[in-house]
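Colleague:
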Amino acid sequence: MAKHFVKILVYGAQSVGRAFVKAVRQEIDASRAAAQQHRANRLSRAKTHDPAVKGMTLHEAQQILNVKDLSNLAEIRGNYEHLFRANEKATGGSLYLQSKVFRAKERIDRELQIRLEKAIKQTQGATPSSPAPPSSPPPATATTATTATTATTATATTAETATATKANQA
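When we follow full-length UniProt numbering, the leftmost residue of the sequence shown carries the number 1, and every step to the right adds one.
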């Protein structure tokens, strides 16, 4: 009887050992596959030139605000305002969702700014270069001195007005 009990124990231990080894192998394979998928995702994101700004890609921002075309500023602003108001805490909304809407608008604004800067650089590069400055400065005239004095006086007057306005508001 003891002999049979020992055999059952040995066979049971072997079965559990094989199952454990198989489970570990499967976990290692799954880990390798996940690492490979992560590398592939990172490379594909780099190829699409859609870097995440503050953790959000342009595609994700467009999905959140339900915007397909970035040239329609009225649609972007309208969708943003609607979603922002709908998710206010006072109306039972979620601060998390409201922050996602805000970040989406921020990401789209950043993309529009980048596109504007690129367009400005392209137009500056397409225009003919400005003529070279003269080798010697033009002689100072009374008109130039008067213009400089007038500009200085106007700046001083503007500063005094701003100071007076601030004092009146206080």
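Even glycine gets a Cβ: it sits at the ideal position worked out from N, Cα and C.
#1: Assuming Phe-84 contacts Gln-62 (C-beta within less than 8 angstroms), just tell me the rounded distance between them.
#2: With a Cβ-Cβ cutoff of 8 angstroms, do Leu-73 and Glu-111 count as a contact?
#3: How far does the alpha helix (DSSP H) with Glu-111 in it reach, from first residue to last?
#4: When burial is assigned at 16 or more other CB atoms within 10 Å of the CB, is Tyr-80 buried or exposed?
#5: When DSSP labels each residue in this structure, what does Ala-13 get in the three-state scheme?
#6: Check this for me: beta carbons of Ile-76 and Ile-108, under 8 angstroms apart or not?
#7: State the start and end residues of the unbroken alpha helix (DSSP H) segment that holds Ala-74.
#8: Between the alpha carbons of Ile-120 and Ala-126, how many angstroms are there, rounded?
#9: Expressed to the nearest angstrom, what Euclidean distance is found between the alpha-carbon atoms of Ala-35 and Ala-19?
#10: When the Cα atoms are used, what is the spatial distance from His-59 to Glu-106?
Modeller: This is what the structure holds:
#1: In fact, because the Cβ distance is near 16 angstroms, the residues do not count as touching under 8 angstroms.
#2: It is not a contact, given that the beta carbons lie outside the stated cut-off.
#3: Counting along the chain, the alpha helix (DSSP H) containing Glu-111 begins and ends at 95-126.
#4: So Tyr-80 counts as buried.
#5: Under the three-state reduction of DSSP output, Ala-13 falls in the helix class.
#6: Judged by their CB atoms, Ile-76 and Ile-108 are nearer to each other than the 8 angstroms cut-off.
#7: Per DSSP, Ala-74 belongs to the alpha helix (DSSP H) from 73-86.
#8: Each residue's alpha carbon lies about 10 angstroms from the other.
#9: Here the alpha carbon of Ala-35 sits roughly 24 angstroms from the alpha carbon of Ala-19.
#10: Each residue's alpha carbon lies about 13 angstroms from the other.
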